[in-house]
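Protein chains in written order, with UniProt numbering: chain C, 1 to 430; chain X, 1 to 430.
Where is the CB? At the ideal position from N, CA and C, for every residue including glycine.
Here the structure is a predicted model, which means the values were calculated and not measured.
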């Protein structure tokens, strides 16, 4: 082994699963995108400054002073029982009836994804995911050497007939499908929502092909119209594993998420969690528990909804007013994201450095596919920048796209970027 | 799939690695051991009540109120840069010279162990560990289907000649050894410390056989005599990956640990961390950073040392005064644990239910071996109970052992418990 070398002298020692763990070139871009002069429509960071920070600070301070010997101590790997009761109350808003005993508290829903993949996926197993799908999930699946097979979605979410055809094909091929991973509500990155009729169909198809469903639902309470959607888990407690998170409804820096799973699976998840982290930080768990017990959290979520609705409106209006012909985009009814499709012959990944030079950032679509597609797409987030910044960002983006169209028309053909490949999620692309 | 069954209807779906994730019978015992009438010498919980809780509460409250938009937000997966600088200052106390850029903040050192195993270990790879070794590490190695090969230790820590012989044998057998996992200072569970002379020998042997060293050092600053030991990492920056933790020196409920690794390995660890949890809780990281910046943490560690020294003394004196002939035990110079060996013909695992009936709990030695041995040993913790409770616990334990000796002498032979097998660490057996 060479000493003091900056090349990777450890290459021959890594496990096979580590081969896919490579930082993509897009990361370097995001380091630039965090500069204040760049309008970032890339990150999925919630706007936590809208919280009553003085009151939350006081609450947390008292918690430590009064109850520090518990708040600062190891806890059970499953998570605090009183917090798990509160979590069940939150899920009840989406029609989910659950026992606190079937909940595991995790380091964000990301850890729930990791633990579920750990207990279910052998190398080469198939995992189904929407096309496009959450970049963090694709990274986790890749790290366990799963093969991701994408199923298309449209404005109504995952397309049931495509799901059926995919499962039928995989059955013919003798492939082992471990689960369907879906973000049915205000999807990341597409911003679309699975319709109620399709929810029933998806559950029926998964039952027929005996496939588990991982329902990832971090945005479910952030809808802009009417009552929360009924969760898939509300209609099938044995087949659906539900993942939730307080990252978007309270604060992402606490890293409190959870999995609700059938009892036997929950037991395995707790053992996997112990092996992974021993136990979740009590410090965060008690903060969330106290917040849910003493603060008007439903009103706070309503405030967040209004804030994000205003930003969604700003983005949609700006896109409508400024984007060149040939661009199309989704119209989310909640959550954080708009999914934009460029005119034929443009490549969002190749265009990204030029966009950043023009002081606007987005996530190229390629990160949301495991199969190297997605070049014509990009994810635009409206959750973090203020409305005037969103408008300015879209203005800059529209100018870049116009320039690209002119280049295409002058020189012809597609200047395609290199094939995608899955990136693990940096903080910029959550 | 059967509905509403409490048996595991998911058995056929799990990954191969999940087969080993089974809760041991010892868990049920520990649920009982947490009752107040039981003196628990089982848990490895630090005595966090010794912290200035009012001051820490005030500090945390101000942190959120003043800086909530950062404290409550997603952060980089590597961890806060200023915290990583502080971590380097802490390691400098053990002679470690490191750049903050080579540190990754993890959810306790447990997560560092998990991530290291994830990037290095393929199923069937060999990992070397002391006999006995930390139960949480053995659980993690098992969950990645590593084969653990134990190397004996004595009062001076890991025995270099045994390490050499083991490596020579494995080389002859053509086995792939990924790393040596060691807790060189105030070992968990044995309470012994690797001597300075042996440190040099262990590094020299690992260099000769080209084996990485994982140095797990959560107790290094909790020595009762003189200056901290020089870390293995201080003398080999390319071969040693150092794991540290604030769980024992500040507070376990924050779950702030770290890995210091060669640059290329650190980069892989960050990618693995993103896949596992996206990022570590900022809430905890900022609390530790602020504590290290504003509180007299060196004095607080000194207070902890005095507190644990008093408890260690109470335990050693009580053992000396009360344990029946034929029992032997280690005399730790720091840390949390005494390792006790029972007379021939006694079985600490079989005895555990009887001890709990007599209101004293310990961890049977079997949990600290991957090979089913350890029946004559037990781990006794002195970190959490107050001295008078430690004395009372040892009094009860001595009575149980005496009774066992009488039974052995009356009925003869060994009433052996079932072979061990690795348990993942519940909160009771940290």
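Next item on the list: Establish whether the CB of residue 140/C and some CB of chain X are separated by less than 8 Å.
Entry: yes
Check: Are any of the Cβ atoms in chain C nearer than 8 Å to that of residue 323/X?
Finding: no
Notebook entry, point to check: Can you tell me whether DSSP reads residue 359/C as helix, strand or coil?
Noted result: coil
Note to self: Tell me which residues of the region 202-219 of chain C have at least one Cβ-Cβ distance to chain X shorter than 8 Å, keeping chain order.
What the structure shows: Here the close residues are 210, 212.
Note to self: Let's see if you can read the secondary structure: which residues bound the alpha helix (DSSP H) around residue 58/C?
What the structure shows: 53-71
Note to self: Any beta carbon from chain C within less than 8 Å of residue 300/X's own beta carbon?
What the structure shows: no
Note to self: I'd like the list of long-range same chain contacts for residue 95/C, defined as Cβ closer than 7 Å, with 5 residues on each side in sequence excluded.
What the structure shows: 230, 231, 234
Notebook entry, point to check: When you compare each of 158/C, 147/C, 184/C, 288/C to residue 176/C by their alpha carbons, which one comes out closest?
Noted result: 147/C
Item checked: Classification of residue 355/C by the beta-carbon crowding that lies within 10 angstroms, buried from 16 upward -> Residue 355/C is buried by the Cβ-count criterion.
Next item on the list: Quick one: residues in its chain with C-beta nearer than 6 Å to the C-beta of residue 220/C, no 5 flanking neighbours on either side, listed in chain order?
Entry: 94, 185, 228
Margin query: Between residue 74/X and chain C, is any beta-carbon pair separated by less than 8 Å?
Written below: By this cut-off, residue 74/X is an interface position.
Checklist line | Beta-carbon proximity list for residue 45/X, same chain, < 6 Å, skipping 5 on both sides | finding: Around residue 45/X, the same chain offers 384 as residues with beta carbons nearer than 6 Å, after the five sequence neighbours per side are excluded.
Margin query: For a contact defined as C-beta to C-beta under 7 Å, what are the partners of residue 8/X on chain C?
Written below: Ordered by position in chain C, the residues that pass the 7 Å Cβ test against residue 8/X are 264.
Notebook entry, point to check: Who are the Cβ neighbours of residue 68/X in its own chain at under 7 Å, not counting the five residues just before and after it?
Noted result: none
Item checked: Residues of its chain near residue 243/C, where Cβ-Cβ distance is below 6 Å and the 5 sequence neighbours each way are ignored -> 109, 112, 216, 259
Next item on the list: Check the Cβ-Cβ distances between residue 378/C and every residue of chain X, and say whether any is below 8 Å.
Entry: no
Next item on the list: Say whether chain C places a C-beta atom closer than 8 Å to the C-beta of residue 119/X.
Entry: yes
Checklist line | Local conformation of residue 337/X per DSSP, three classes | finding: strand
Check: Do you know offhand how far residue 314/X's Cα is from residue 308/X's?
Finding: 10 Å
Notebook entry, point to check: How far does the beta strand (DSSP E) with residue 19/C in it reach, from first residue to last?
Noted result: Here residue 19/C belongs to no beta strand (DSSP E), and DSSP marks it neither H nor E.
Note to self: For residue 56/C and residue 209/C, which I take to be in contact (beta-carbon distance under 8 Å), what is that distance rounded to the nearest angstrom?
What the structure shows: Not confirmed; about 46 Å, so no contact.
Margin query: At 4 residues or longer, what runs of the alpha helix (DSSP H) sit wholly inside the region 98-172 of chain X?
Written below: 108-120, 135-143, 160-172
Notebook entry, point to check: Counting Cβ pairs closer than 8 Å, one from the region 118-127 of chain X and one from the region 160-179 of chain X, do we hit at least three?
Noted result: yes
Note to self: Below 8 Å on the Cβ atoms is my contact criterion, and I expect residue 268/C with residue 159/C to pass it. Report the Cβ-Cβ distance as a whole number of Å.
What the structure shows: Actually they are not in contact, since the Cβ atoms of residue 268/C and residue 159/C sit about 32 Å apart, beyond 8 Å.
Note to self: Going by beta-carbon coordinates alone, are residue 150/C and residue 131/C separated by less than 8 Å?
What the structure shows: yes
Notebook entry, point to check: In its own chain, which residues sit with a C-beta less than 6 Å from the C-beta of residue 41/C, not counting the 5 before and 5 after it?
Noted result: The beta carbon of residue 41/C lies closer than 6 Å to those of 362, 380, 381, 393 in the same chain, with the five residues before and after it left out.
Item checked: Distance, residue 334/C Cα to residue 245/C Cα -> In a straight line, the C-alpha of residue 245/C is about 16 Å away from that of residue 334/C.
Note to self: Quick check: is the beta carbon of residue 283/X nearer than 8 Å to any beta carbon in chain C?
What the structure shows: Any Cβ of chain C closer than 8 Å to the Cβ of residue 283/X would place that residue at the interface, and such an atom is present.
Item checked: residue 263/X in three-state terms, based on DSSP -> Reduced to three states, the DSSP call for residue 263/X is helix.
Note to self: Below 8 Å, how does it come out for the region 189-208 of chain C and the region 321-341 of chain C: are there three or more Cβ pairs, yes or no?
What the structure shows: yes
Check: Among 98/X, 225/X, 236/X, 224/X, which one has its Cα closest to the Cα of residue 439/X?
Finding: Residue 439/X lies beyond the stretch modelled for chain X, which goes from 1 to 430, so this question has no answer here.
Notebook entry, point to check: Do you know how far the Cα of residue 80/C is from the Cα of residue 295/C?
Noted result: 19 Å
Margin query: With distance defined between alpha-carbon atoms, name the residue in 320/X, 360/X, 330/X nearest to residue 43/X.
Written below: 360/X
Check: Rounded to a whole number of angstroms, what is the C-alpha to C-alpha distance between residue 21/C and residue 271/X?
Finding: 6 Å
Next item on the list: Would you identify the three-state DSSP class for residue 242/C, choosing helix, strand or coil?
Entry: strand
Next item on the list: Under 8 Å by Cβ, that's how I've got residue 72/C and residue 48/X pegged, so tell me the actual separation to the nearest angstrom.
Entry: 4 Å
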